[in-house]
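S.K.:
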Amino acid sequence: MIIVRDNVLYEGIISLKSEKGYYATPIGFTIRGNNIYIKVYHGSLTHSYLSTIRKTVLNITDNPYIYLYLAFKKEFNGLNKVSFIEVEDNAPVLEEAKAYAILYLRDIIPCLNYDTFIYNYNTFVTRNPDIEPLSRCNWLAIEALIYLTKLFKIRDSGVEVSNMKTYLNHVFRIMERLCNDPYHKELVNNLFKLYISISGNHNNNYLF
Ligand SMILES: Cc1cc2nc3c(=O)[nH]c(=O)nc-3n(C[C@H](O)[C@H](O)[C@H](O)COP(=O)(O)O)c2cc1C
Numbered sequence: 009m010i011i012v013r014d015n016v017l018y019e020g021i022i023s024l025k026s027e028k029g030y031y032a033t034p035i036g037f038t039i040r041g042n043n044i045y046i047k048v049y050h051g052s053l054t055h056s057y058l059s060t061i062r063k064t065v066l067n068i069t070d071n072p073y074i075y076l077y078l079a080f081k082k083e084f085n086g087l088n089k090v091s092f093i094e095v096e097d098n099a100p101v102l103e104e105a106k107a108y109a110i111l112y113l114r115d116i117i118p119c120l121n122y123d124t125f126i127y128n129y130n131t132f133v134t135r136n137p138d139i140e141p142l143s144r145c146n147w148l149a150i151e152a153l154i155y156l157t158k159l160f161k162i163r164d165s166g167v168e169v170s171n172m173k174t175y176l177n178h179v180f181r182i183m184e185r186l187c188n189d190p191y192h193k194e195l196v197n198n199l200f201k202l203y204i205s206i207s208g209n210h211n212n213n214y215l216f
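For the sequence shown, the residue numbers in the numbering used here are 9 to 216.
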């Protein structure tokens, strides 16, 4: 069974079927009763898909590599690194998902830089109950990814990013200390390479 509480900002992966095939991206979501709220920034592919495709899937996973691959799809050929199972028409569930819910778009509330998408859902279906104990390494990796996708989005906009960089440096310093097994070392290595190439501190052509 999955436990979700109202008014908590959780992280998951939204997946859908478009004319071009399956698509998935990390997303923050909040639950209130049978409604799920998602804020999607303007100008993203996610935004245009969610505006036109009413049925989507919300996948629950704590696998940091899934977040890495799907946050930086082009750089990691990410959509080809995950598998989808179409549990019903237009409902592609990530094979990795520990649980999922099928979402039906109810309303879109426009805001300045983002829109809030409101969905109905019936229930979360549990697929895979395997758990790994909570680790700072995993949660800092997700935290780093959130800021890396933000930095990536605004890197040429002239918006002041020095606070974000200071924070990311801090996160990387802690991860360097705590992430000592090969699985997490490789993860941090990938995140740090992304950071260097996005922030343009050193070699701009490192990844992109
Ligand atoms: C953990 C995590 C949470 C994210 N949450 C959101 C979110 O709530 N809203 C959003 O617009 N983008 C969010 N992003 C960024 C998107 O996943 C993605 O980078 C963005 O939609 C641009 O990709 P696209 O051009 O393929 O749509 C998040 C990224 C990560 C790593």
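Positions of the beta carbon are idealized from the N, C-alpha and C atoms, including for glycine.
What is the DSSP secondary structure of ARG40, counted as helix, strand or coil?
M.R.: Along the sequence shown, read from residue 1 onward, the residue named residue 40 stands at position 32. ARG40: strand per DSSP, three-state reduction.
S.K.: Who are the near neighbours of ALA109 in its chain, counting only those whose CB is closer than 6 Å to its CB and skipping five residues on each side?
M.R.: Position 101 of the sequence shown, counted from the first residue, corresponds to residue 109. Cβ neighbours of ALA109 beyond the five flanking positions: LEU66, TYR129, PHE132.
S.K.: Within the present structure, is the beta-carbon of PRO100 separated from the nearest heavy atom of ligand 1 by less than 8 Å?
M.R.: Reading the sequence shown from its first residue, position 92 is the one you call residue 100. Checking every heavy atom of ligand 1 against the Cβ of PRO100, none is found closer than 8 Å.
S.K.: Quick one: complete alpha helix (DSSP H) runs, 4+ long, within the stretch 89 to 173?
M.R.: Entirely contained in the stretch 89 to 173, the alpha helix (DSSP H) runs reaching 4 residues are, in chain order, 144 to 162.
S.K.: So what's LYS201 in DSSP terms, helix, strand or just coil?
M.R.: Reading the sequence shown from its first residue, position 193 is the one you call residue 201. Helix, per DSSP.
S.K.: Rounded to whole angstroms, how far is the Cβ of PRO118 from the Cβ of ALA79, which I believe are closer than 8 Å?
M.R.: Taking the sequence shown and counting its residues from 1, one reaches residue 118 at position 110. Taking the sequence shown and counting its residues from 1, one reaches residue 79 at position 71. No, PRO118 and ALA79 are not in contact; Cβ-Cβ is about 25 Å, not under 8 Å.
S.K.: For ILE204 and SER59, I'd like the C-alpha separation in whole angstroms.
M.R.: Within the sequence shown, the letter at position 196 stands for residue 204. Within the sequence shown, the letter at position 51 stands for residue 59. Cα to Cα, the separation comes out at about 33 Å.
S.K.: How many whole angstroms separate the CB atoms of ILE74 and GLU104, which I take to be in contact at a CB cut-off of 8 Å?
M.R.: Translated into the one-based positions of the sequence shown, residue 74 becomes position 66. Translated into the one-based positions of the sequence shown, residue 104 becomes position 96. The pair is a contact, with the Cβ atoms about 6 Å apart (cut-off 8 Å).
S.K.: Are there three or more Cβ pairs, one per stretch, closer than 8 Å when the stretch 79 to 93 is compared with the stretch 161 to 173?
M.R.: At 8 Å Cβ cutoff, the stretches do not touch.
S.K.: Cα separation between ILE139 and LYS106?
M.R.: For the purposes of this step, residue 139 is taken as residue 131 along the sequence shown, with counting starting at 1. For the purposes of this step, residue 106 is taken as residue 98 along the sequence shown, with counting starting at 1. Cα-Cα distance, rounded: 9 Å.
S.K.: DSSP state of ASN194, grouped into three classes?
M.R.: What you label residue 194 is simply residue 186 of the sequence shown in a count that begins at 1. A small correction: the amino acid at residue 194 is Glu; Asn does not occupy that position in the sequence shown. If DSSP states are grouped into helix, strand and coil, GLU194 belongs with the helices.
S.K.: Report whether the distance from the Cβ of LYS47 to the nearest heavy atom of ligand 1 is below 8 Å.
M.R.: To locate residue 47, count along the sequence shown from 1; it is residue 39. Yes, Cβ of LYS47 sits closer than 8 Å to a heavy atom of ligand 1.
S.K.: The alpha helix (DSSP H) with THR69 in it runs from where to where?
M.R.: As a first step, residue 69 is located in the sequence shown; it is residue number 61 there, counting from the start. First-last for THR69: undefined, no H or E at that position.
S.K.: HIS192 to MET183, Cα distance in whole Å?
M.R.: Locating residue 192 in the sequence shown gives position 184, counting from the first residue. Locating residue 183 in the sequence shown gives position 175, counting from the first residue. The straight-line gap from Cα to Cα measures roughly 9 Å.
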